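K.L.:
Residue numbers 0 to 96, in numbering that gives the first Met the number 0, belong to the letters of the sequence shown in order.
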Amino acid sequence: MALYEYRCDQDGEFEVNRPLGTAPESVACPVCGTEARRVFSVAMVRCGSRPAVFAAIERAEKTRYEPQVVTSVPSAGAKRPVRMAQMTPALARLPRP
Ligand SMILES: [Zn+2]
């Protein structure tokens with residue numbers, strides 16, 4: 000389970016406890032009943048408290064609603080392809096044809 004934050008324009012922020020990954024984009028405000036939009040923050044997971052875990056969950060959740068989109072072609076010609084022998088030192092010791 001995780002706590003998800005929502006913000007009502009009139010009543011401010013409130014939290015909803017739901018299973019991980021099931022938070023809707025908006026829920027009804029418990030005070031006035033109007034739609035409250037989700038606020039992205041570090042999820043409060045019960046099974047852990049490490050910042051790295053929070054950051055990973057936050058990043059994964061955010062990509063569901065705000066995916067990073069490539070807007071340009073990567074620059075060409077700057078990098079040479081890496082050969083397998085360079086990545087694996089053991090292959091460099093093998094005899095060459
Ligand atoms: Zn409200």
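Backbone N, C-alpha and C fix where the C-beta goes; we use that ideal spot for every residue, glycine too. Given the structure is predicted, the values throughout are model-derived calculations rather than measurements.
1) Closer than 7 angstroms: is that where the CB of Q98 sits relative to any heavy atom of ligand 1?
2) Can you tell me which of P18, T21, P29, G20 puts its alpha carbon nearest to the alpha carbon of R6?
3) Taking R98 as the reference, which of T70, G20, A1, G11 has the closest Cα?
4) Tell me, please, which residues DSSP counts as bridged to R37.
P.N.:
So, to answer that:
1) Look at the range of the chain in this structure, 0 to 96, and you will see that residue 98 is not part of it.
2) Out of P18, T21, P29, G20, P29 has the C-alpha closest to the C-alpha of R6.
3) No answer is possible for residue 98: the residues shown for the chain start at 0 and end at 96.
4) Answer by DSSP bridge pairing, in chain order: Y5.
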